[in-house]
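Engineer:
There are 2 protein chains.
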Amino acid sequence: MIHFKLIKKDGAARLGSLTTPRGTIETPIFMPVGTQATVKAMTPEELKTIGARIILANTYHLYIRPGHELVRRMGGLHRFMNWDRPILTDSGGFQVFSLNELRKITEEGVKFRSHLDGSYHFISPEDAIAIQEALGSDIAMCFDECTPYPATHDYARRSMEMTTRWARRCKDAKTREDQALFGIVQGGMYRDLRERSAAELREIGFDGYAMGGLSVGEEKEVMHEVLEYAAPMLPEDRPRYVMGIGAPEDLIEAVWHGFDMFDCVMPTRNARNGMLFTSFGRVNIKGAAYAEDAGPLDPECDCYVCRTYSRAYLRHLYRSGEILASRLNTYHNLYYYLSLMAKARAAIAEGRFAAFRQEFYAKRELQGQSS
Amino acid sequence: MIHFKLIKKDGAARLGSLTTPRGTIETPIFMPVGTQATVKAMTPEELKTIGARIILANTYHLYIRPGHELVRRMGGLHRFMNWDRPILTDSGGFQVFSLNELRKITEEGVKFRSHLDGSYHFISPEDAIAIQEALGSDIAMCFDECTPYPATHDYARRSMEMTTRWARRCKDAKTREDQALFGIVQGGMYRDLRERSAAELREIGFDGYAMGGLSVGEEKEVMHEVLEYAAPMLPEDRPRYVMGIGAPEDLIEAVWHGFDMFDCVMPTRNARNGMLFTSFGRVNIKGAAYAEDAGPLDPECDCYVCRTYSRAYLRHLYRSGEILASRLNTYHNLYYYLSLMAKARAAIAEGRFAAFRQEFYAKRELQGQSS
Chain A
1 MIHFKLIKKD GAARLGSLTT PRGTIETPIF MPVGTQATVK AMTPEELKTI
51 GARIILANTY HLYIRPGHEL VRRMGGLHRF MNWDRPILTD SGGFQVFSLN
101 ELRKITEEGV KFRSHLDGSY HFISPEDAIA IQEALGSDIA MCFDECTPYP
151 ATHDYARRSM EMTTRWARRC KDAKTREDQA LFGIVQGGMY RDLRERSAAE
201 LREIGFDGYA MGGLSVGEEK EVMHEVLEYA APMLPEDRPR YVMGIGAPED
251 LIEAVWHGFD MFDCVMPTRN ARNGMLFTSF GRVNIKGAAY AEDAGPLDPE
301 CDCYVCRTYS RAYLRHLYRS GEILASRLNT YHNLYYYLSL MAKARAAIAE
351 GRFAAFRQEF YAKRELQGQS S
Chain B
1 MIHFKLIKKD GAARLGSLTT PRGTIETPIF MPVGTQATVK AMTPEELKTI
51 GARIILANTY HLYIRPGHEL VRRMGGLHRF MNWDRPILTD SGGFQVFSLN
101 ELRKITEEGV KFRSHLDGSY HFISPEDAIA IQEALGSDIA MCFDECTPYP
151 ATHDYARRSM EMTTRWARRC KDAKTREDQA LFGIVQGGMY RDLRERSAAE
201 LREIGFDGYA MGGLSVGEEK EVMHEVLEYA APMLPEDRPR YVMGIGAPED
251 LIEAVWHGFD MFDCVMPTRN ARNGMLFTSF GRVNIKGAAY AEDAGPLDPE
301 CDCYVCRTYS RAYLRHLYRS GEILASRLNT YHNLYYYLSL MAKARAAIAE
351 GRFAAFRQEF YAKRELQGQS S
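Sequences listed follow chains A and B, in order. So in the UniProt record's numbering, spot 101 of the first sequence is number 101, and the numbers just go up one at a time. So in the UniProt record's numbering, spot 164 of the second sequence is number 164, and the numbers just go up one at a time.
(1) What does a CB cutoff of less than 7 angstroms around residue 175 of chain A pick up in its chain, not counting 5 residues either side in sequence?
(2) So residue 26 of chain B is in the beta strand (DSSP E); what residue range does that whole segment cover?
(3) Report all residues from its chain with a CB closer than 6 angstroms to the CB of residue 325 of chain B; omit the five preceding and five following residues, and keep chain order.
(4) Mapping the DSSP letters down to three states, classify residue 154 of chain A as helix, strand or coil.
(5) Just checking: is the beta-carbon of residue 76 of chain B within a distance shorter than 8 angstroms of some beta-carbon in chain A?
(6) At what residue ranges does the region 155-222 of chain B contain a whole run of the alpha helix (DSSP H), taking only runs of 4 or more?
(7) List the residues that DSSP assigns as beta-bridge partners of residue 111 of chain A.
(8) Any C-beta of chain B sitting closer than 8 angstroms to the C-beta of residue 323 of chain A?
(9) Measuring CB to CB, does residue 257 of chain A end up less than 8 angstroms from residue 227 of chain A?
(10) Indicate whether residue 28 of chain B and residue 242 of chain B have their beta-carbon atoms separated by less than 8 angstroms.
(11) Using Cβ-Cβ distances below 9 angstroms, what residues of the region 145-174 of chain B are close to chain E?
(12) Please list, in chain order, the chain A residues whose beta carbon lies closer than 7 angstroms to that of residue 326 of chain B.
(13) Exposed or buried, which one is residue 43 of chain B when buried takes at least 16 other CB atoms within 10 Å?
(14) Pick out whichever of A:236, A:211 and A:235 has its Cα sitting closest to the Cα of residue 224 of chain A.
(15) Run the CB neighbour count on residue 216 of chain A, radius 10 Å, all protein chains shown included, and call it buried at 16 or more, exposed below.
(16) Anything in chain B within Cβ reach of residue 70 of chain A, meaning under 8 angstroms, just list it in chain order.
(17) How would you label residue 345 of chain B, buried or exposed, when you count the other beta carbons within 10 angstroms and need 16 or more for buried?
(18) If you draw a straight line from the C-alpha of residue 245 of chain B to the C-alpha of residue 295 of chain B, how long is it?
(19) Can you tell me whether residue 5 of chain A is buried or exposed? The criterion is at least 16 other CB atoms within 10 Å of its CB, across all chains shown.
(20) Taking Cβ-Cβ distances shorter than 8 angstroms, what residues in chain B pair up with residue 81 of chain A?
(21) Cβ of residue 82 of chain B within 8 angstroms of Cβ of residue 330 of chain A?
(22) Does the CB of residue 14 of chain B have a neighbour CB from chain A at under 8 angstroms?
(23) Out of A:74, A:34 and A:338, which one is the CA nearest neighbour of residue 26 of chain A?
(24) For residue 7 of chain A, report the span of its alpha helix (DSSP H) as first-last.
(25) Closer than 7 angstroms by C-beta to residue 7 of chain B: which residues in its own chain qualify, once you throw out the five before and the five after it? Chain order, please.
(26) Which residue's Cα is closest to the Cα of residue 218 of chain B: B:200, B:229, B:198 and B:188?
(27) Residues of chain A with CB under 8 angstroms from residue 52 of chain B, in chain order?
(28) According to DSSP, simplified to helix, strand and coil, what is residue 93 of chain B?
(29) So what does DSSP say about residue 17 of chain B, is it helix, strand or coil?
(30) If you draw a straight line from the C-alpha of residue 263 of chain B to the C-alpha of residue 202 of chain B, how long is it?
(31) How would you list, in chain order, the residues of chain B whose beta-carbon sits under 9 angstroms from the beta-carbon of residue 85 of chain A?
(32) Residue 319 of chain A versus chain B: which residues are under 9 angstroms apart at the beta carbon?
(33) Are the region 40-56 of chain A and the region 73-91 of chain A touching by the rule of at least three beta carbon pairs closer than 8 angstroms?
(34) Is it true that the CB of residue 52 of chain A sits closer than 8 angstroms to the CB of residue 21 of chain A?
(35) Enumerate, from N- to C-terminal direction, the unbroken alpha helix (DSSP H) stretches of 4 or more residues contained entirely within the region 217-297 of chain A.
(36) Residues of chain B with CB under 9 angstroms from residue 376 of chain A, in chain order?
Put into structure tokens, the structure is as follows:
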């Protein structure tokens with residue numbers, strides 16, 4: 001199972017350590033997303049080189065292809081994809097709800113059609129746990145309904161209540177001793193509902209607690225406000241995970257308010273679209289300004305890409321549609337995210353996270369690239 | 001410049017060493033193709049890990065994008081792409097002739113339209129040398145006409161004669177002392193024309209000699225026959241390069257007849273299409289038979305991919321359209337080609353190339369996969 005230890009607090013920001021059967025992870029931590037049993041464009045060895053300690057895999061995608069039973073027969077997800085560090089699996093809920101017209105939600109579970117071949121499927125909370133147990137992740141997530149935005153208070157309440165009932169069913173369905181289970185707080189952007197959701201989940205009792213239903217279209221200010229008031233609703237002695245966020249500034253704010261774990265496709269997906277994160281803001285590498293720029297992508301970055309290649313070369317690769325463009329861009333963006341969290345941990349350890357946060361914003365504003 | 005030393009002959013097969021300003025290469029050697037200033041899906045470090053000693057870059061593609069003058073201003077192709085070992089550039093002739101309706105050939109040179117934006121361009125033999133000098137490759141190729149197949153004796157003769165005149169112009173245009181220049185033997189599938197072409201090129205004098213106009217639609221037996229009778233037409237004390245071939249068996253035959261250098265997109269392109277080379281023949285990794293195959297792609301291969309992943313995982317990646325599929329498949333296929341040549345060199349050194357060649361075929365026939 002897992003054990004969380006709160007090492008130090010700096011304001012609301014937390015330095016922690018999460019011990020799993022596959023090693024101890026320092027938090028706050030970013031988890032690269034490995035949707036289809038691979039973090040797109042990266043090898044496991046490269047992920048280790050840039051400091052990834054835990055990755056996320058998507059239950060829905062693996063259920064659809066190659067199938068969780070196949071993964072089980074191949075020795076589990078770790079062995080299948082050659083990753084011996086911890087894996088967190090989402091419950092599949094978010095992906096299933098994203099299918100829109102292709103799914104129907106009832107108290108029993110969700111009926112949906114595969115995005116690949118249109119075949120019909122049904123997943124209950126119990127199924128979601130069984131699938132994650134077959135995959136063999138170290139941390140599983142409860143099956144939840146991701147409340148859409150905007151939603152009326154009444155809709156958000158009923159949705160949250162069902163998520164709580166499903167959370168109880170998930171905990172009851174759980175059989176693996178070596179897999180932790182996190183509950184997911186819902187309630188839309190309503191403080192009273194988040195409060196109730198958190199209280200009821202704490203009552204059931206989970207190894208960690210996640211914030212769901214964020215980054216679903218609400219404004220950044222709204223998201224940050226929810227994070228600020230919701231963090232204290234969660235137990236101090238358990239890891240706190242914000243699902244699916246976000247931009248670098250979202251991570252900084254979430255850490256600032258006391259969250260520990262994050263995942264997002266932004267660094268990997270943006271990389272493949274030529275959008276790169278640097279210490280002074282974002283760079284769209286296809287810009288003509290970089291055509292003959294012999295300098296590194298980010299002069300303050302010491303990753304392989306920034307130490308080795310020019311912006312001119314990165315631009316050429318991107319414009320030429322080369323696979324190496326996706327590789328180098330992904331490598332750099334993930335390095336940026338992982339080292340941002342490493343710097344945040346160091347700042348908390350030294351009691352200077354407020355100054356670190358201020359400097360983070362100042363550097364970007366200096367370049368007029370704060371967006 | 002370069003210096004070729006013939007170390008040993010085993011029948012017609014040759015073990016040689018080619019000394020360049022960027023290191024000494026043992027021959028026979030396969031050169032991975034890096035069309036657009038990158039060997040697709042690979043980093044330069046990975047190419048070194050699998051034993052690549054020299055790569056090929058395509059003059060036409062780099063002329064079109066990003067432009068040879070840009071590459072020159074960025075410090076030359078080696079620096080631009082971070083490859084400090086030798087590079088051979090083709091002359092652009094083959095790609096230009098492949099444009100078909102988009103090009104017009106005259107004695108002066110070739111007028112053509114870019115495959116990217118339709119813009120008009122003209123390249124003379126002198127231009128082809130100037131472009132390759134701007135790129136800064138270690139070995140440049142003469143601008144030639146790749147004689148189509150089939151061609152009448154009359155057409156093949158006139159085409160070959162122009163290639164010879166162009167070869168003279170290329171040698172006259174050359175200014176860089178640190179760049180070698182190879183002549184290209186043409187003449188279609190006509191022995192008398194190949195003889196004349198080789199004799200006239202030897203008369204002009206080049207640092208190495210290549211066979212052009214092969215693998216253009218002729219049957220394998222025809223290609224192998226040309227290689228057999230043409231090798232003795234080339235000087236013993238210069239490297240002999242067969243352009244654009246081929247399948248593993250084509251390389252074995254070419255080495256058998258006395259050729260030293262090869263390039264082909266087959267290992268890299270086939271990799272991206274899921275077609276993998278193994279010691280017992282070809283494997284189409286998308287086959288359903290591999291869905292739950294926990295074994296390595298090639299049990300006799302000791303590359304990273306075969307040591308690390310199952311066929312089931314490789315199949316899953318390929319079917320999922322993952323970038324890692326292209327990466328791992330390319331890595332393995334290039335490793336296969338490079339180690340095939342390493343084994344050929346060892347066999348020649350030990351005077352057992354005939355047995356090695358026999359074993360190569362026997363192993364494939366055993367599995368019924370000799371094609």
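Every residue gets a Cβ at the ideal spot worked out from N, C-alpha and C, and that includes glycine. The structure presented is a predicted model; accordingly, all values stated were derived computationally and were not measured.
Structural biologist: The answer reads as follows:
(1) 133
(2) Taken as a continuous stretch (DSSP letters only), the beta strand (DSSP E) holding residue 26 of chain B covers 23-27.
(3) So the qualifying residues of the chain are 317 and 318.
(4) helix
(5) no
(6) Within the region 155-222 of chain B, the runs of alpha helix (DSSP H) that reach at least 4 residues and sit entirely inside it are, in chain order, 191-204.
(7) A:104 and A:122
(8) yes
(9) Cβ atoms of residue 257 of chain A and residue 227 of chain A: closer than 8 angstroms.
(10) no
(11) In the displayed structure, chain E is absent; the protein chains listed are A and B.
(12) 323
(13) The residue is buried, with at least 16 neighbouring Cβ atoms inside 10 Å.
(14) A:211
(15) buried
(16) 291, 292 and 312
(17) buried
(18) 31 angstroms
(19) exposed
(20) 313
(21) no
(22) No, residue 14 of chain B does not count as interfacial toward chain A.
(23) A:338
(24) Unbroken run through residue 7 of chain A is the beta strand (DSSP E), 3-10; no alpha helix (DSSP H).
(25) Spatial neighbours of residue 7 of chain B in its own chain (CB-CB distance under 7 angstroms, excluding positions within 5 residues in sequence) are listed in chain order as 15, 16 and 17.
(26) B:188
(27) Within chain A, no residue comes near residue 52 of chain B; the closest Cβ sits about 15 angstroms away, beyond 8 angstroms.
(28) Assigned with DSSP and collapsed to three states, residue 93 of chain B falls in helix.
(29) strand
(30) When rounded, the separation of the alpha-carbon atoms in residue 263 of chain B and residue 202 of chain B is 23 angstroms.
(31) Simply none; closest approach about 15 angstroms.
(32) 65 and 66
(33) yes
(34) Taking 8 angstroms as the Cβ cut-off, residue 21 of chain A and residue 52 of chain A do not qualify as a contacting pair.
(35) Whole alpha helix (DSSP H) segments, 4+ residues: 220-230, 248-257 and 266-272.
(36) A query on residue 376 of chain A cannot be resolved here, the shown segment of chain A reaching from 1 to 371 and no further.
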